[in-house]
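**Student:** As given, the protein sequences belong to chains A and B, one line each in that order. The opening position of the first sequence corresponds to residue 3 in this note's numbering, with each subsequent residue numbered one higher. The opening position of the second sequence corresponds to residue 3 in this note's numbering, with each subsequent residue numbered one higher. In this text, a Cβ means the ideal position worked out from N, Cα and C, and glycines have one as well. All of these numbers come straight from a predicted model, not from anything done at the bench. Can you read through this structure? Questions will come right after.
Number of protein chains: 2
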Amino acid sequence: MILTVTLNAALDITYRVPRLHPHTTNRVTEVSERPGGKGLNVARVLAALGHRTVATGFVGGGTGEALRALLAETETEVTDALVPVGGATRRTVAVVDAATGDTTQLNEPGPVVSPAEWDTFLGTYRELLADARAVALCGSLPPGVPVDVYARLTRAARSAGVPVLLDTSGEPLRRGLAARPDLAKPNADELAALTGSTEPLRAARDARRRGAHAVAASLGADGMLAVTADGVWQAAPPRRIAGNPTGAGDSAVAGLLSGLVEGLPWPDRLTRAVALSAASVRAPGAGEFDAAAYEELLSRVVVTDHPAVV
Amino acid sequence: MILTVTLNAALDITYRVPRLHPHTTNRVTEVSERPGGKGLNVARVLAALGHRTVATGFVGGGTGEALRALLAETETEVTDALVPVGGATRRTVAVVDAATGDTTQLNEPGPVVSPAEWDTFLGTYRELLADARAVALCGSLPPGVPVDVYARLTRAARSAGVPVLLDTSGEPLRRGLAARPDLAKPNADELAALTGSTEPLRAARDARRRGAHAVAASLGADGMLAVTADGVWQAAPPRRIAGNPTGAGDSAVAGLLSGLVEGLPWPDRLTRAVALSAASVRAPGAGEFDAAAYEELLSRVVVTDHPAVV
Numbered sequence: 003m004i005l006t007v008t009l010n011a012a013l014d015i016t017y018r019v020p021r022l023h024p025h026t027t028n029r030v031t032e033v034s035e036r037p038g039g040k041g042l043n044v045a046r047v048l049a050a051l052g053h054r055t056v057a058t059g060f061v062g063g064g065t066g067e068a069l070r071a072l073l074a075e076t077e078t079e080v081t082d083a084l085v086p087v088g089g090a091t092r093r094t095v096a097v098v099d100a101a102t103g104d105t106t107q108l109n110e111p112g113p114v115v116s117p118a119e120w121d122t123f124l125g126t127y128r129e130l131l132a133d134a135r136a137v138a139l140c141g142s143l144p145p146g147v148p149v150d151v152y153a154r155l156t157r158a159a160r161s162a163g164v165p166v167l168l169d170t171s172g173e174p175l176r177r178g179l180a181a182r183p184d185l186a187k188p189n190a191d192e193l194a195a196l197t198g199s200t201e202p203l204r205a206a207r208d209a210r211r212r213g214a215h216a217v218a219a220s221l222g223a224d225g226m227l228a229v230t231a232d233g234v235w236q237a238a239p240p241r242r243i244a245g246n247p248t249g250a251g252d253s254a255v256a257g258l259l260s261g262l263v264e265g266l267p268w269p270d271r272l273t274r275a276v277a278l279s280a281a282s283v284r285a286p287g288a289g290e291f292d293a294a295a296y297e298e299l300l301s302r303v304v305v306t307d308h309p310a311v312v
Numbered sequence: 003m004i005l006t007v008t009l010n011a012a013l014d015i016t017y018r019v020p021r022l023h024p025h026t027t028n029r030v031t032e033v034s035e036r037p038g039g040k041g042l043n044v045a046r047v048l049a050a051l052g053h054r055t056v057a058t059g060f061v062g063g064g065t066g067e068a069l070r071a072l073l074a075e076t077e078t079e080v081t082d083a084l085v086p087v088g089g090a091t092r093r094t095v096a097v098v099d100a101a102t103g104d105t106t107q108l109n110e111p112g113p114v115v116s117p118a119e120w121d122t123f124l125g126t127y128r129e130l131l132a133d134a135r136a137v138a139l140c141g142s143l144p145p146g147v148p149v150d151v152y153a154r155l156t157r158a159a160r161s162a163g164v165p166v167l168l169d170t171s172g173e174p175l176r177r178g179l180a181a182r183p184d185l186a187k188p189n190a191d192e193l194a195a196l197t198g199s200t201e202p203l204r205a206a207r208d209a210r211r212r213g214a215h216a217v218a219a220s221l222g223a224d225g226m227l228a229v230t231a232d233g234v235w236q237a238a239p240p241r242r243i244a245g246n247p248t249g250a251g252d253s254a255v256a257g258l259l260s261g262l263v264e265g266l267p268w269p270d271r272l273t274r275a276v277a278l279s280a281a282s283v284r285a286p287g288a289g290e291f292d293a294a295a296y297e298e299l300l301s302r303v304v305v306t307d308h309p310a311v312v
């Protein structure tokens, strides 16, 4: 199975309003809820691709119960191995202005995790690694979790012989890279914040020097750039896809990780990641993709190699 | 006991953000939750005043469970006689911009109530009336509830010999007045929407002609105007009170209703309603008031009678 870790899982709530008027009362006309947090989005896409997938991380309170119920309801089966905590799972609220299409996002901070809860999680994580073919470590950290958590989780996975994909930002990314994950998947902003360079190839090579065996940088509409021991490739979608980009990066992670587990060559992994990412822009929410668009895009993603820079 | 009815109860969520930036991602720094919906706010204030109070209405889903848990936790005891429904209790989200103090409010519509659930509620309501000394019918209607609901509930209460206070707006108010409630408590905007007049005395007298035995109109910082069979009075706070006006009207309802049950003369009822209303502006949320401010204000509210217009 493939394991995904979501330390700061969320109940994602989407509100549709005819038009958002700040500083007044707004009537919400449509409410929808989804399991949220990057690792849970990745898990749902992996499961939809046919991979046996287990999701762990923290969950708690009434919002946590709602998240678990939604996870159990999803058509594609994700095994719930979330660890209960005393605090309540955070909510995220996306307010979609129907008039402009713009989204105003409100993100709760998440529950404080106690040292005892953190210990319980580490035990669960080590047990799950025994059966894992790969692990994705995804997203921000809730309060109370040590900032070097992804370094610790990366080392535990590498000791168990399980390949690690790291998708986070800021200090947790910087610390995590030093533990030498097999693959890091920053976006352009995260890469720039890490390295100080806004030139993706230069920044991705810098990130590799910081410890990642390979770096696959998501570049929005420009697709994805991979800097690996075997070469450098860039994959781009055939056209700009209109829609909701939330969760596109999580779909790319699912593409990269499934490609790794299936032993695909790098260009095919990138093709899958870029096609999934673009197909998820066409779906209503994170953790979902338009299956028909995915199939069509698979044959139309263009991969270029950069032999000169290897 | 005093009975309050909240057909569209809510889980009231307050988010504090350093500054609200529409159309971007906002980090919420503080989250708080309260039982919400006008009737539940009224019930909490009545209970704090020492009245045995029972709250009914509809509740459902995980948000409903959270609401019930919060209601059970409150220091002042309100008996929970809410009727379960299949849909989930709505949330309201108040986003407080810490830089400006402004609040952006997002109100979910509420669960659809089925005819069977509505019948169950009517049975519960009739049973509760047997032990009630007064009833408050408060707030907006969830989808699926007949628009003449407050007229029906008013007639049932009057048949049972229980005095009725009606606090709603729009068509439910217009229909409810025709069933001759003992007291209606509109605010100036609701009164203007009902009668077409922005002159409070004229509008309140018009509302009385539409069926209410008495009308007590809340006028914000100007206090409250009562038009009754016994006379016309206006009560005003001694000064403008700075703070959060959410729930001030609900505290006024609790003041009026407790005064009615205790058989206070009209000027004393108004004094209590205005003092409670002003004291609730000093409290953090709806359904709460600053007890010290209330005690101080009780002796300083000024009541004027309007013998010329009786």
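(1) Is it a yes or a no for the segment 247–260 of chain A touching the segment 43–55 of chain A, going by three-plus beta-carbon pairs under 8 Å?
(2) Would you call the segment 269–289 of chain B and the segment 300–309 of chain B in contact, with 3 or more CB pairs under 8 Å?
(3) What span of residues does the alpha helix (DSSP H) with residue 299/B cover, start to end?
(4) At a Cβ cut of 9 Å, what residues of the segment 172–205 of chain A count as close to chain B, listed as they run along the chain?
(5) Report buried or exposed for residue 289/A, applying the criterion of at least 16 other Cβ atoms within 10 angstroms of its Cβ.
(6) Tell me, please, whether the CB atom of residue 28/B is closer than 8 Å to any CB atom in chain A?
(7) Any idea which residues DSSP pairs residue 35/A with across the strands?
(8) Counting contacts by CB-CB distance shorter than 8 Å, is residue 222/A in contact with chain B?
(9) As an exercise, report each continuous beta strand (DSSP E) stretch of at least 3 residues that is fully enclosed by the segment 166–254 of chain B, in chain order.
(10) Please name the residue in 93/B, 56/B, 66/B and 287/B whose C-alpha comes closest to that of residue 80/B.
(11) For the segment 111–144 of chain B, enumerate the residues whose C-beta is nearer than 8 Å to any C-beta of chain A, in chain order.
(12) Determine the closest residue to residue 303/A out of 274/A, 30/A and 39/A, with distance taken between C-alpha atoms.
(13) Identify each residue in the segment 63–91 of chain A for which the Cβ-Cβ distance to at least one residue of chain E is less than 7 Å, and report them in chain order.
(14) Determine the closest residue to residue 293/A out of 282/A, 301/A and 287/A, with distance taken between C-alpha atoms.
(15) Ordered along the chain, which non-local residues of its own chain (more than five positions away) have a Cβ less than 7 Å from that of residue 64/A?
(16) Output yes if chain B places a C-beta closer than 8 Å to the C-beta of residue 16/A; else output no.
(17) Can you list the residues of chain A that residue 22/B reaches, using a CB-CB cut of under 7 Å?
(18) In the DSSP assignment, find the alpha helix (DSSP H) that holds residue 155/B and state where it starts and stops.
(19) Starting from residue 277/A, trace the alpha helix (DSSP H) in both directions and tell me its first and last residue.
(20) Can you pull the chain B neighbours of residue 104/A, defined as C-beta to C-beta under 8 Å?
(21) Along chain B, in chain order, which residues have C-beta atoms closer than 7 Å to that of residue 246/A?
(22) Are any of the Cβ atoms in chain B nearer than 8 Å to that of residue 9/A?
(23) What would DSSP say about residue 91/B, mapped onto helix, strand or coil?
(24) Output the distance between the C-alpha atoms of residue 179/B and residue 295/A, rounded to the nearest integer angstrom.
(25) From the DSSP output, read off the bridge partner residues of residue 305/B.
(26) Do you know offhand how far residue 317/A's Cα is from residue 158/A's?
(27) Does any residue of chain B have a CB that is nearer than 8 Å to the CB of residue 109/A?
(28) In chain order, what residues of the same chain have a beta carbon less than 8 Å from the beta carbon of residue 106/B, not counting five sequence neighbours either side?
(29) Give the C-beta separation of residue 216/B and residue 234/B to the nearest angstrom, bearing in mind that I take them to be a contact with Cβ-Cβ under 8 Å.
(30) Span of the alpha helix (DSSP H) holding residue 46/A?
(31) Under 7 Å Cβ-Cβ, which residues of chain A neighbour residue 166/B?
(32) Just verifying my parser: in three-state terms, what is the DSSP assignment at residue 117/A?
(33) Looking at the structure shown, is residue 80/A part of a helix, part of a strand, or coil, going by DSSP?
(34) Looking at the structure shown, is residue 263/A part of a helix, part of a strand, or coil, going by DSSP?
(35) Report back the beta-carbon spacing between residue 143/A and residue 69/A to the nearest angstrom; my notes put them in contact at under 8 Å.
(36) So which of 148/A, 94/A, 108/A and 66/A has the shortest CA-CA distance to residue 88/A?
**Tutor:** Considering the structure as presented:
(1) Because the criterion of three Cβ pairs below 8 Å is met, the segment 247–260 of chain A and the segment 43–55 of chain A touch.
(2) The answer is yes - the segment 300–309 of chain B touches the segment 269–289 of chain B, with three or more Cβ pairs under 8 Å.
(3) Annotation for residue 299/B: the continuous alpha helix (DSSP H) segment containing it runs 293–300.
(4) Hits within the stretch: zero.
(5) Its Cβ being crowded by 16 or more others within 10 Å, residue 289/A is buried.
(6) Contact with chain A is found for residue 28/B, since one of that chain's Cβ atoms lies less than 8 Å from the residue's Cβ.
(7) Residue 35/A is bridged to 15/A.
(8) Chain B, which has no Cβ nearer than 8 Å to the Cβ of residue 222/A, makes this no.
(9) Within the segment 166–254 of chain B, the complete beta strand (DSSP E) runs of at least 3 residues are 166–169, 216–220, 226–229 and 234–238.
(10) Comparing C-alpha distances from residue 80/B to each of 93/B, 56/B, 66/B and 287/B shows the shortest one belongs to 56/B.
(11) Near chain A, meaning a CB-to-CB distance below 8 Å, the residues of the segment 111–144 of chain B are 111.
(12) Of 274/A, 30/A and 39/A, the residue nearest in Cα terms is 274/A.
(13) You won't find chain E in this structure, because its protein chains are A and B.
(14) Comparing C-alpha distances from residue 293/A to each of 282/A, 301/A and 287/A shows the shortest one belongs to 282/A.
(15) The residues are 90.
(16) False, the Cβ-Cβ gap to chain B never drops below 8 Å.
(17) Result: 24.
(18) Note, residue 155/B: alpha helix (DSSP H), 151–161.
(19) Under the DSSP assignment, residue 277/A falls in the alpha helix (DSSP H) whose first and last residues are 268–283.
(20) Within 8 Å Cβ-Cβ: 24 and 25.
(21) Those do not exist, as residue 246/A stays about 14 Å from chain B at its closest Cβ, beyond 7 Å.
(22) Not closer than 8 Å to any Cβ of chain B, the Cβ of residue 9/A fails to qualify, so no.
(23) Residue 91/B: coil per DSSP, three-state reduction.
(24) Residue 179/B and residue 295/A: Cα-Cα distance of roughly 57 Å.
(25) Beta-bridge pairing links residue 305/B to 237/B.
(26) Because chain A here runs from 3 to 312, residue 317/A falls outside it and cannot be looked at.
(27) Between residue 109/A and chain B, the shortest Cβ-Cβ separation is below 8 Å.
(28) Taken in chain order, the residues that qualify are 22, 96, 97 and 99.
(29) Not really, about 10 Å apart at Cβ, beyond 8 Å.
(30) 40–50 is the extent of the alpha helix (DSSP H) around residue 46/A.
(31) Identification of chain A residues near residue 166/B by a Cβ-Cβ cut-off of 7 Å yields none; the smallest Cβ-Cβ distance measures about 27 Å.
(32) DSSP, read as helix, strand or coil, puts residue 117/A in helix.
(33) Judged by DSSP in its simplified three-state form, residue 80/A adopts coil rather than helix or strand.
(34) Of the three classes helix, strand and coil, the one that applies to residue 263/A here is helix, per DSSP.
(35) Not quite, the Cβ-Cβ distance comes to about 18 Å (not below 8 Å), so this is no contact.
(36) Of the listed residues, the one whose Cα sits closest to residue 88/A is 66/A.
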